[in-house]
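Please read the structure below before turning to the comments.
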Amino acid sequence: VSLRKDIFKSVSNTSYLCSFHDCDGKELLPVVCPYCQKNVCLTHRHQDDHECEKLEAHKPRMSATQQLVKQIVESKKGAPNSKGRRGARNSATAAKVALMKLKLCATGDKSLPQSERIHFQVFLPKGTKDRCLPMYFCSKWSVGKVVDFASSLASLKNNNNILTAKKLRLCHPLSGEALKMELSLESLLSNTESPLYNGGDVILEYLDNDSIGVKYTSAYLTEC
4 VSLRKDIFKS
14 VSNTSYLCSF
24 HDCDGKELLP
34 VVCPYCQKNV
44 CLTHRHQDDH
54 ECEKLEAHKP
64 RMSATQQLVK
74 QIVESKKGAP
84 NSKGRRGARN
94 SATAAKVALM
104 KLKLCATGDK
114 SLPQSERIHF
124 QVFLPKGTKD
134 RCLPMYFCSK
144 WSVGKVVDFA
154 SSLASLKNNN
164 NILTAKKLRL
174 CHPLSGEALK
184 MELSLESLLS
194 NTESPLYNGG
204 DVILEYLDND
214 SIGVKYTSAY
224 LTEC
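Numbers given in this note's numbering equal positions in the sequence shown, counted from 1, plus 3.
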């Protein structure tokens, strides 16, 4: 019994300090990194946790990944759908700047309260005389009502009530997706995944009944 106590006492008095800087951790048994052979505590047993000097061996792979990401970004810069002002114009910050300009020249229902007005640069269907027109709408309106009102302001033919005719649709400036007619502008502005911005762009185009949107938004989003 005495011998067992001596052994336990000897073991309990033995501790292995963690070599990681500013760490006072101790372990009763050695915890050695198999890469750098340094003694660490359980908290810092992983390479990332104790900044293992042998972690350098993994960096070339990370660099290759970063290089691939860079190449993808660079290739998109040269693609037609990323030219011009599209990305910046539809960011929240850029839209705020554009909003100030739109308020000076946009047309709409003058009876609408200022607090309910949503301003857009509306890009018109291909072949239309004007490329785009600045307009404002009520935030409580549905997309369907926005389309009807915009077509009236721009003097566009609107055959949305004819079953077999091409439909005039409002499309997202980035994805080109035709927005659902029953959605309200409020819901589209508050959408976190692909929002519209007060002061941003929207696209009007005639689409077939089975079409889900416009394919190349960059063909519309040019300077007015």
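All residues carry an ideal CB built from backbone N, CA and C; glycine is no exception.
So what's residue i in DSSP terms, helix, strand or just coil?
i	result
T46	coil
G216	strand
S187	strand
T131	coil
K104	helix
T195	coil
T225	coil
K99	helix
K73	helix
Can you say whether residue i is buried or exposed, counting buried as having 16 or more other CB atoms within 10 angstroms of its CB?
i	result
A181	buried
P137	buried
E56	exposed
Q124	buried
N93	Unreliable placement is indicated for N93, whose pLDDT of 48 sits below 50; no coordinate value is reported for it.
G202	buried
C21	buried
D204	buried
Y200	buried
A95	exposed
H24	exposed
Y139	buried
Y223	buried
G130	exposed
At which residues does the beta strand (DSSP E) containing residue i begin and terminate?
i	result
E208	D204 to L210
F140	C135 to C141
V125	R120 to F126
Can you tell me where the alpha helix (DSSP H) with residue i in it begins and where it stops?
i	result
L177	That residue, L177, is in no alpha helix (DSSP H); it is neither H nor E in DSSP.
G147	V146 to L156
C55	Here C55 belongs to no alpha helix (DSSP H), and DSSP marks it neither H nor E.
Check the DSSP bridge columns for residue i and list the partner residues they point to.
i	result
E30	Y19
K170	L210
A181	C174
T110	M138
V3	The shown model of the chain, from 4 to 227, leaves out residue 3, and the question about it has no answer.
When every heavy atom of the ligand SAM is checked, does at least one fall within less than 7 Å of the C-beta of residue i?
i	result
L102	Among the components modelled here there is no ligand, and therefore nothing to report on the ligand SAM.
message = I want to know whether the segment 161-179 touches the segment 198-214 - three or more CB-CB distances under 8 Å.
response = yes
query = Quick check: the segment 107-122 against the segment 157-164, are there 3 or more CB pairs under 8 Å?
reply = no
ask   = Does the segment 142-151 come close enough to the segment 96-106 to have 3 or more Cβ pairs within less than 8 Å?
value = no
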